[in-house]
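Step one of this worksheet: look at the structure below.
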């Protein structure tokens, strides 16, 4: 029988049902035959397999909440489900000063000595757990892990635990820890087991540092739901994340961008190893600072099998340690040759005119500096008008060059808090609706609804003894497939570390194998090496169509926007016929943007008319075969 109970941890009296707020905050009651039996008595939860009574979660006398010093004690509402249970923790602050929270503890998952857990720091590949040699894992959300959740499984059962809270409203981190307790807590039925701990405040027991700790203001209320689910379909462990998916999608929605599937080619225009007295900005042999960008653009157009590019460091690089530069476009205006970046004949606009997708990498986008070669960076503040004005200037210049993809370098919770970063991305998308943003070092679930993600596809595991032991990525991105079907996730493909690790370079066959493998797992290959590929094999799969169980599978909410595989008709830069209309339209738009408007004051540099300051009513709309077209629009701020 399904039960709903409320209990204060400071009292042992069972209360009546909480009307309205509490019950409305819990996940809906599920239908179907039960797979587990659940009991909740005196603050202790027991969960067993309904078929044979196998203990899956045994309380062993441990509390499921540990208060912080001078912290609040919650009221807990318990709800049994056919496959597990939910607990609603309600904190009310009746004091005159802010009060911290504590740690929610799910005790004790009893699946035996050996088990595995999907690693949510990465794509969800399994990691081994040994209860006799337990790792002290603590991962923060947002930041290290994709979602505030954990799964532990053995050969017979998978148990998933997730935390649901409105992070954009509460504005604090949470850490998710795997712990085990010995001594008397390891005795009794089920033996020693695992704790999953959700730490909300820095002064909670055993807490590690959170960037932003949870507190409740005087008179305030905070509510958190923890859902525990079990399944015997171990390979379909993602089922245990269904309550979190329901909460997440109802709160934040799905992907809000066009998903392209074709690979992206990397080009790095400048690097620190190139810096000399006569080349202080580290430009490559093409020397854009002396010769302009014509040869760079022709090189990109001449690369076979790619129609998308991500270009790094077009303004040069710092001579110090804080690369890549925040000023990823604005320094063009200091050099007549660099201003050729905006020339529709020889600069980056030519890529747009010929139907290619140009991406520019915005260095340290989550931080800010006003100077070149800074000695320190400050966190980017989207509420600081001078920061915002400088950022808009950088992107405006990129857009003037025809860029419709912007890579957000170092856009991490460490330097710009998630809630600020989310609202900033919303603002950028409103101002530049035809531009796709890609967040690095990696997207979590929240960011993934607004921007494409970035993943390192070149990790070499410690167990590798030969290049054949190395794969681009261990698995599809299981949580992204489940929570954000239609997500776009890039995988940076690099191989120079093979020489350092193995003493031999990666072969071209190995490179192609890694690229195709990443694409088959649903990742967009971001390729940093010149290797010929079969473009049909480098198209990112719609991985959610095979990683999610059929009865839980969803169509991508951006299904009608998902780009088809690229069609390469050959001819490279010499094949102009198929882009005639697009080129004419693109030239017209770029002429308008670079000085053809009477209400803007153009400047002349290197034969190119540009605008060094672009007003906020300049937006981008999709058009011209999916290109980012510039047009007058609303404020967007």
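Numbering (my numbering), first residue to last: 1 to 637.
The beta-carbon is built from N, C-alpha and C at its ideal position, and this holds for glycine as well.
- Going by DSSP, residue 421 is part of the alpha helix (DSSP H) stretching over 418-431.
- Rounded to whole angstroms, the gap between the alpha carbons of residue 404 and residue 340 is 18 Å.
- With a cutoff of 9 Å on beta-carbon distance, residue 163 and residue 104 are scored as near each other.
- For the beta strand (DSSP E) assignment, the uninterrupted runs of no fewer than 3 residues enclosed by the region 344-374 are, from N- to C-terminal side, 357-362.
- In this structure, DSSP gives residue 117 an extended state, which the three-state scheme calls strand.
- Contact between the region 38-52 and the region 168-184 is not established, with fewer than three Cβ pairs separated by less than 8 Å.
- In the three-state DSSP reduction, residue 296 falls in the helix class (H, G or I).
- Ranked by Cα distance from residue 480, the first of 506, 521, 503, 507 is 521.
- Between the beta-carbon of residue 239 and that of residue 231 there is about 5 Å, and that keeps the pair under the 8 Å contact cut.
- Counting only runs of at least 3 residues, the region 102-184 fully encloses the following beta strand (DSSP E) elements, listed from N- to C-terminal order: 103-109, 114-118, 126-130, 137-141, 149-153, 158-164, 174-180.
- Taking a cut-off of 8 Å for Cβ pairs, the region 325-344 and the region 379-399 touch, as three or more such pairs fall below it.
- Of all alpha-carbon atoms in 67, 221, 79, the one lying nearest the alpha-carbon of residue 95 is that of 221.
- Taking the C-beta atoms as reference points, residue 101 is found nearer than 9 Å to residue 72.
- The three-state reading of DSSP puts residue 92 in strand, counting E and B together.
- In the structure shown, residue 331 adopts helical secondary structure according to DSSP, grouped into three states.
- Distance from the CA atom of residue 524 to the CA atom of residue 543, rounded to whole angstroms, is 11 Å.
- The distance from the Cβ of residue 224 to that of residue 165 is about 5 Å, consistent with a contact at the 8 Å cut-off.
- Under a 10 Å Cβ-count criterion, residue 357 is classified as buried, with 16 or more other Cβ atoms of the shown protein chains found around its own Cβ.
- As summarised for the region 468-497, the continuous beta strand (DSSP E) elements at least 3 residues long and confined to that stretch are 489-493, given in chain order.
- Judged by DSSP secondary structure, residue 395 falls within the alpha helix (DSSP H) whose first and last residues are 385-400.
- Taking C-alpha positions only, residue 418 is separated from residue 281 by approximately 32 Å.
- Within the same chain, and ignoring the five residues on either side of residue 66 in sequence, the residues whose Cβ sits closer than 7 Å to its Cβ are 102, 103, 105, 204, 205.
- About 32 Å separates the Cβ atoms of residue 337 and residue 384, ruling out a contact at the 8 Å cut-off.
- Your pair residue 248 and residue 483 checks out as a contact, with CB atoms roughly 5 Å apart and the cut at 8 Å.
- Burial is judged here by how many other beta carbons sit within 10 angstroms of a residue's own beta carbon; residue 449 has at least 16 and is buried.
- In this structure residue 138 is not in contact with residue 83, their Cβ atoms being roughly 27 Å apart against a cut-off of 8 Å.
- Runs of beta strand (DSSP E) with 3 or more residues, each lying fully within the region 225-304, are found at 264-268, listed in chain order.
- Annotation: the continuous alpha helix (DSSP H) that includes residue 510 extends over 508-520.
- The beta-carbon distance between residue 271 and residue 317, rounded to whole angstroms, is 6 Å. This is short enough to meet the 8 Å contact definition.
- DSSP, read as helix, strand or coil, puts residue 189 in coil.
- Distance from the Cα of residue 53 is smallest, within the candidate group 156, 78, 28, for 156.
- Taking C-beta separations shorter than 6 Å and ignoring five residues to either side along the sequence, the partners of residue 141 in its chain run 148, 174, following chain order.
- Out of 322, 241, 199, 557, the CA that lies nearest to the CA of residue 176 is found in 199.
- With fewer than 16 neighbouring CB atoms inside 10 Å of its own CB, residue 277 falls in the exposed class.
- Going by C-alpha positions, residue 297 is about 26 Å away from residue 451.
- When rounded, the separation of the alpha-carbon atoms in residue 242 and residue 555 is 16 Å.
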